[in-house]
Every structure is written in structure tokens, then in C-alpha cells.
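Heads up, the thing below is written out as C-alpha cells.
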Amino acid sequence: MARLVCFCVEWDEQLATRAKEQALLCHTDHYFQHFASFSHVGWNSRLSAPGVASFSDIIDAWFEEGKDFLYADGKCRENATCQHYTQLVWATSGHLGCAIHQCLRDENLWEIFVCAYYPGGNWEVNSRLVTPYKTGESCSLCTSSMSGCFRLWDHEGGLCEIPKNPCRMSCGQHGQLNVPACKCKCDPGFTGRFCQVRCSTQCVHGHFKQEVCSCVCDVGYGGAECAEKVQFPLHTCDVTIDGTCFMVSSNSDSYYGAKSRCQELGGVLAQIHNQKVQDILTFYLSELEASNEVTDSETRNFWIGLTYKIPKESFRWDTGEILRYSSFAFGQPDNQGFGNCVELQAINAFNWNDQRCKTQNRFICQHAAEHIAQWEESR
Numbered sequence: 001m002a003r004l005v006c007f008c009v010e011w012d013e014q015l016a017t018r019a020k021e022q023a024l025l026c027h028t029d030h031y032f033q034h035f036a037s038f039s040h041v042g043w044n045s046r047l048s049a050p051g052v053a054s055f056s057d058i059i060d061a062w063f064e065e066g067k068d069f070l071y072a073d074g075k076c077r078e079n080a081t082c083q084h085y086t087q088l089v090w091a092t093s094g095h096l097g098c099a100i101h102q103c104l105r106d107e108n109l110w111e112i113f114v115c116a117y118y119p120g121g122n123w124e125v126n127s128r129l130v131t132p133y134k135t136g137e138s139c140s141l142c143t144s145s146m147s148g149c150f151r152l153w154d155h156e157g158g159l160c161e162i163p164k165n166p167c168r169m170s171c172g173q174h175g176q177l178n179v180p181a182c183k184c185k186c187d188p189g190f191t192g193r194f195c196q197v198r199c200s201t202q203c204v205h206g207h208f209k210q211e212v213c214s215c216v217c218d219v220g221y222g223g224a225e226c227a228e229k230v231q232f233p234l235h236t237c238d239v240t241i242d243g244t245c246f247m248v249s250s251n252s253d254s255y256y257g258a259k260s261r262c263q264e265l266g267g268v269l270a271q272i273h274n275q276k277v278q279d280i281l282t283f284y285l286s287e288l289e290a291s292n293e294v295t296d297s298e299t300r301n302f303w304i305g306l307t308y309k310i311p312k313e314s315f316r317w318d319t320g321e322i323l324r325y326s327s328f329a330f331g332q333p334d335n336q337g338f339g340n341c342v343e344l345q346a347i348n349a350f351n352w353n354d355q356r357c358k359t360q361n362r363f364i365c366q367h368a369a370e371h372i373a374q375w376e377e378s379r
């Protein structure tokens, strides 16, 4: 179930200190709930054999209790434990501090994991647990103290937050945020709006193109690093336009997965530079739909080799060429920053739409006429 009121949890050193103090006591109950700095603190704790579990394992175990939590009834299944889960997901607990300590109990060595939450959860009214969260659209019940809804590039939902920057975005582990411009400056070897895409590291038979963060292979070579010798498969051309071969995939992949697959064939994702190519590809893909060869509603759209380049603030073909012809659908592009990759969209008569690059689409590979000629000469 999606959660309505869920705050972005922040690490708190004072709570971590309180958790350490409680861990030193080596017991798993009767924790203090009130401190000078905190009016009500919630707790989770667990004992484990030394070296057997990490904090991540412990948190996963607490979360697993959720399978026994009956949301509609606001209680746990009979003879099951859920209080660690309900505190873990308590919507209004916005601060967290944890600690780990080795304890000697009954002549046995244990590790105790303790987490402190503020404000605490697991409130009860008339012996009935207050529901830890409400189901529905994420961020739709954020309070006035929460001035934003934090979303990451790979998450569909969001968390209520007090943003640390007006951009309400993160550049992850491989970039730094330029707050005035609300743009990421990526570390070498990474690209994308959130620096989430790792570039190719070497180009054996080709050259590296920095602005597209990948190899451009020499004729006759393919693969992400241009290390694979390939033969041109003329028999697989679905459409030939002015000597250029277009091959339509039967399977789906993310944008960058599709790009790699075309490279493995010694080609590139399709580039559409004029209305003639757009019209012919539209006709061919429409015929596929009419013949029921395209049946999966999630794969009716097709990637082409066009992406939004953050440094250039414009759409560019994967070869680095400037966009001079376009066929975006009405109202598109409308999602720059999140929809950095371009697809031919079936519901818009295969006009273009900017889409999230992780979306699974079919794709069209292209081999230029001059490449085909060079292949033929080398046979």
C-alpha cells in the first residue's frame, strides 16, 4: 500500500547518543521515553549473535513483521509481533538515531541493536493501536511544516520533507548539486540529470564521446566498449530508407540497455532527421499494430537515439548532433529533467515523447548507408 503521510527521516546525533546509552544497559525493554530535548521517543531493539547480522539485516527483519500487520484492523495477527514494524514505518517519526553494542547476558555474548525515533510512534487509544500511516497518494497529506515532497529519479513515490535546498533533488553518490542552478555536476565517468548513469570506460575500436558518455564504434565493431567484431546482418533490415537500414526489436529494454543492444549489432539507436523517415517509420509501426504484432501495452512505444543533454540544455542525438528536425507530439516535451530520453509514442501516432530512461520500451536500431558499404567492402 502507498503511504500518505510519510516524512523523510533524518539522522539525529542526539538520538544516536540516547540509543548508545540504552544499548550500554543491555536490555530490550523499559526504555526512557522522555528526555530534555525530546518529549516522546519511540524505540526498536533486537539481540543477535555477534557478527551474524548487520544493521541492514535487523531493519529488514523489523520490516518483515509488516506481513503480519492487519492494516484495516489496526493490529497484528494473533501470536505475532508487529511493534517493530509499526514504529519503523510510523509516518510522523521524522528523526532517527541508532547504536550497536556487545553485551554479556547469561554468560553468552550478544550484539544489541537499538534505534530511537522522534517523535515516537505506537500510540494506543482505548487499547487499540493508532494507524501508523494512511494509504493513498504519496505526499498528499504533508503538513504545513513539511514544505516539499522529496522524489528521486528512480522512485515513483515521495516523502514529505523540509528541503535542505530549494531544488528538492539529490545528485546521489556521483555528483554535486549546484543549488542556484538546480543542476548536478557529475563526477568523471557519470552522466544523467542525477549523475545516475555510468559511462563506458574504454573504447577498444572506436572513440569516446564525452557529451554522450559512451563509445562511438568504428565500422565493423560493436558492444559497449567497441571490442566485439560484428558482421552486418542485411537480412534483418525491417525498413530501408535511402540506403539506411532500420531494425525494429521484438523485445524491450531501458533506454541505455537498448543503446547497448544496438551497439552490439554494430549500429546506433535510430536517428530521424527529416519528415520522410518519420512518415515511413510511423507507417511501418502502425502496420505492426494493425497486424497484432505489437500486443503488449507496456511495449508499444519505441526508443530512438535522442536524449536531453543537461550541460547543453537541449536535446541531442546520441552521436552528439544538434536536433534540427523534430516531431514531438502536441504538448511535448513536458518532462525535462525526469523524462530525458525520447520514444516514438503509439497513442500519439508515433510522434515523439520525452520519457524516463528506465522505462521498458522496444527500440529501433539504425545502420547508415556508408557503414553498410564499408561492411560490404570488408567481406
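Counting along the sequence shown from 1, when you hit position 273 you're at 273 in the UniProt record's numbering, and nothing is skipped either side. All C-beta atoms, glycine included, are put in the ideal place defined by N, C-alpha and C.
{"Query": "List the endpoints of the continuous beta strand (DSSP E) containing GLY257.", "Result": "Where GLY257 is concerned, there is no enclosing beta strand (DSSP E), although the alpha helix (DSSP H) it sits in stretches over 255 to 264."}
{"Query": "If we call anything under 9 angstroms between Cβ atoms a contact, is THR319 one with VAL277?", "Result": "no"}
{"Query": "Is the stretch 357 to 364 in contact with the stretch 240 to 255, if contact means three or more CB pairs nearer than 8 angstroms?", "Result": "yes"}
{"Query": "Between PHE302, PRO333, TYR85, PHE350, which has its C-alpha nearest PHE283's C-alpha?", "Result": "PHE350"}
{"Query": "Taking VAL179 as part of the beta strand (DSSP E), name the residues at either end of that continuous run.", "Result": "Where VAL179 is concerned, there is no enclosing beta strand (DSSP E), given that its DSSP letter is neither H nor E."}
{"Query": "Starting from the Cα of ALA19, find the closest Cα among GLY136, ARG128, HIS95, GLU65 and give me that residue.", "Result": "HIS95"}
{"Query": "Between which two residues does the alpha helix (DSSP H) containing TYR85 stretch?", "Result": "83 to 88"}
{"Query": "Quick check for students: name the residue ranges of the beta strand (DSSP E) that lie wholly in the stretch 5 to 65, counting only runs of 3 or more.", "Result": "42 to 48"}
{"Query": "As a quick exercise: from PHE63, PRO311, GLY206, pick the residue whose alpha carbon is nearest that of THR191.", "Result": "PRO311"}
{"Query": "For ILE322, list the residues DSSP reports as bridge partners.", "Result": "ARG316"}
{"Query": "Mind reading off the beta-carbon distance from ALA346 to GLY305? Whole number of angstroms is fine, and I expect it under 8 angstroms.", "Result": "Actually they do not touch by this definition, with Cβ atoms about 19 angstroms apart."}
{"Query": "Use the C-beta contact count for ASP12: other C-beta atoms within 10 angstroms, 16 or more gives buried, fewer gives exposed.", "Result": "buried"}
{"Query": "Do GLY121 and GLY66 have their C-beta atoms closer together than 9 angstroms?", "Result": "no"}
{"Query": "Considering only the beta carbon of each residue, do GLY220 and VAL230 sit closer than 9 angstroms?", "Result": "yes"}
{"Query": "Would you kindly work out how many angstroms separate the C-alpha atoms of HIS27 and ASN108, rounded to a whole number?", "Result": "14 angstroms"}
{"Query": "Considering THR236, what are the terminal residues of the alpha helix (DSSP H) in which it resides?", "Result": "From DSSP, THR236 is part of no alpha helix (DSSP H); its letter is neither H nor E."}
{"Query": "Enumerate in chain order the residues of its own chain whose CB-to-CB distance from PHE315 is below 6 angstroms, with the five nearest sequence positions on each side excluded.", "Result": "LEU306, TYR308, LEU323"}
{"Query": "What are the residues that DSSP puts in a beta bridge with THR123?", "Result": "Reading off the sequence, residue 123 comes out as Trp, not Thr. Bridge partners of TRP123: none, in fact."}
{"Query": "Assuming contact is defined by CB atoms lying nearer than 9 angstroms, are ILE241 and TRP303 in contact in what I supplied?", "Result": "no"}
{"Query": "Given a threshold of 16 other Cβ atoms within 10 Å of its Cβ, counted over all protein chains shown, does ARG128 qualify as buried or as exposed?", "Result": "exposed"}
{"Query": "I need the DSSP call for LEU141, collapsed to helix, strand or coil.", "Result": "coil"}
{"Query": "Using C-beta distances below 6 angstroms, list every residue in its chain close to ALA369, excluding the 5 sequence neighbours before and after it, in chain order.", "Result": "GLY243, THR244"}
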